[in-house]
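Following our numbering, the numbering of the sequence shown begins with 52 at its first residue and continues without gaps. From the three backbone atoms N, C-alpha and C, an ideal C-beta is built for every residue, glycine too. Input: a single structure, listed below in C-alpha cells.
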Amino acid sequence: MDNLSNIGIIKDLLDRYGFKFSKSLGQNFLINPSVCPRIAEMGNAKAGFGIIEIGTGIGVLTNELAKRADKVCAIEIDSRLMPVLAETLGEYDNIKIINDDVLKVDIKKLIDDEFKGLEVAVCANLPYYITSPIIMYLLEQRLPIRSVTVLVQKEAAERLCAELGTREAGAVTVAVRYFSEPKILFNVSRGSFMPAPNVDSCAVRFDIKQTTPQGVSDEAFFFKTVRAAFSQRRKTLVNSVSSGLGADKSAVSAAAEKASLPASIRPEQLTMEQFIAFSERLREAL
Ligand code: SAM
C-alpha cells in the first residue's frame with residue numbers, strides 16, 4: 052500500500068485495528084513522505100541487495116525498501132502490528148516479517164538463510180530507546196553487510212558520528228569508527244513523526260570497512276575496555292577502567308603509562324590508536 056505516511060490513512064488503519072502508540076517501544080511513525088524514499092535510496096536499497104529493516108511500524112519504510120531491493124527481512128517486536136502489516140504490505144512477495152526483538156535475532160543466520168547471492172544492507176528508523184545497543188549489536192558481530200543507514204535522534208547522531216578525542220565521543224563512537232566510516236546524511240524535523248518527539252532527528256549511514264584498525268589482539272577485550280572507560284564519563288580513564296573491569300588500579304595505571312598516556316586523561320580524549328595501545332598494555336598486565 053502506498054501513502055503510508057499520509058496522516059488520514061495512518062489514523063484510519065490504527066483506528067480499525069484499535070492500535071495505540073507505545074512510548075516505551077519508541078513508536079514515532081514517519082508522516083513526511085519525502086523521508087523514506089531518501090533513506091531507501093541512500094541506504095543501498097537497489098537491485099542485487101537484500102535489506103534488513105528494524106522496526107517496521109505500519110510499514111512506511113518497508114514499502115519503499117521492497118520497491119527497490121530484491122528482498123526485505125523486517126524485524127518488528129510489536130505483535131499488535133502483524134495484522135496491520137499483512138494489510139499494508141500484502142501486495143509484496145519479497146518481504147519477510149519477523150515478529151521478534153532485534154537483539155534476540157541471530158542476524159548472521161538470517162543473512163545466510165534469506166539473502167543467498169545478494170549483498171546486504173540495514174535500513175531503519177530506529178526506536179530511540181535502544182539506538183546504541185542496536186548499532187553495537189550490528190557492528191560487533193562483523194556481519195557481511197555493506198552499510199547501516201538509520202534515522203536516529205539528533206543527539207544520538209552527533210555521538211555516533213563524533214570524531215574520537217572530542218567531548219561528544221562515547222563507547223558507541225569507538226565501535227562506529229572501528230568498524231565503519233560514518234556519515235551524516237540529512238536532518239529530519241520532529242514534525243515529520245506521529246506522535247512528534249521532543250527533538251529533531253538525523254539520517255546517518257555507516258559504510259562498513261573492509262579492514263579494521265591494526266593492532267587489536269583480542270577484540271572482545273578491546274570493547275570491554277572501551278565500555279568500562281566510558282561507564283563513568285566524569286572520571287579519569289584509569290579510575291573508570293579499574294572500577295568498570297574490577298581491576299587493580301596500579302595495574303591499570305601502569306598500562307596507561309606504558310601506552311604513554313598522562314594519568315589525568317579522560318576517556319573522551321583518547322584517539323583510536325591510544326585506545327588500542329592502552330587496551331593491549333592492559334591485556335598484558337591483567
Ligand atoms: N519504521 C516505522 C516508521 O518509520 O514509521 C516505525 C519506526 S518507530 C521509530 C520504531 C519501531 O521499532 C516501532 O515500530 C517499534 O515497535 C519497533 N521496535 C521497538 N523496539 C524494538 C526491538 N527491540 N526490536 C524490533 N523492533 C522494535
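For THR262, the shortest C-beta to heavy atom distance toward the ligand SAM is 7 Å or greater. According to the DSSP assignment, SER198 belongs to the beta strand (DSSP E) that extends over 198-204. Counting only residues of its own chain and dropping the five nearest sequence neighbours on each side, THR263 has a CB closer than 7 Å to the CB of TYR229, PHE230. Boundaries of the beta strand (DSSP E) harbouring CYS174: 170-176, taken from the DSSP string.
Remark: the shortest separation between the CB of VAL153 and any heavy atom of the ligand SAM falls under 7 Å. Here PHE230 carries a helix assignment [DSSP, helix/strand/coil]. Boundaries of the beta strand (DSSP E) harbouring ARG256: 252-259, taken from the DSSP string. Only residues of its own chain outside the window of five on either side were considered, and among them ALA279 have a CB closer than 6 Å to the CB of LEU296, listed in chain order. Around LEU321, the same chain offers LEU215, GLY216, ALA280, LEU288, LEU312, PHE329 as residues with beta carbons nearer than 8 Å, after the five sequence neighbours per side are excluded.
ILE186 has its Cβ no nearer than 7 Å to any heavy atom of the ligand SAM. If you draw a straight line from the Cα of ARG197 to the Cα of ARG256, it is about 10 Å long. The beta carbons of SER293 and ASP299 sit closer together than 8 Å. A Cβ-Cβ separation of about 6 Å places ASP121 in contact with GLY101 under the 8 Å criterion. Taking C-beta separations shorter than 6 Å and ignoring five residues to either side along the sequence, the partners of ALA91 in its chain run GLU115, LEU116, ARG119, following chain order.
Within the same chain, GLU319 come within 8 Å of ARG218 by CB-CB distance, once the 5 residues on both sides are set aside. Checking the 7 Å criterion, the Cβ of LEU81 is within range of a heavy atom belonging to the ligand SAM. Looking at the DSSP output, ILE105 shares a beta bridge with ILE126. Cβ contact annotation for ARG193 (same chain, cutoff 8 Å, sequence separation greater than five): PHE230, in chain order.
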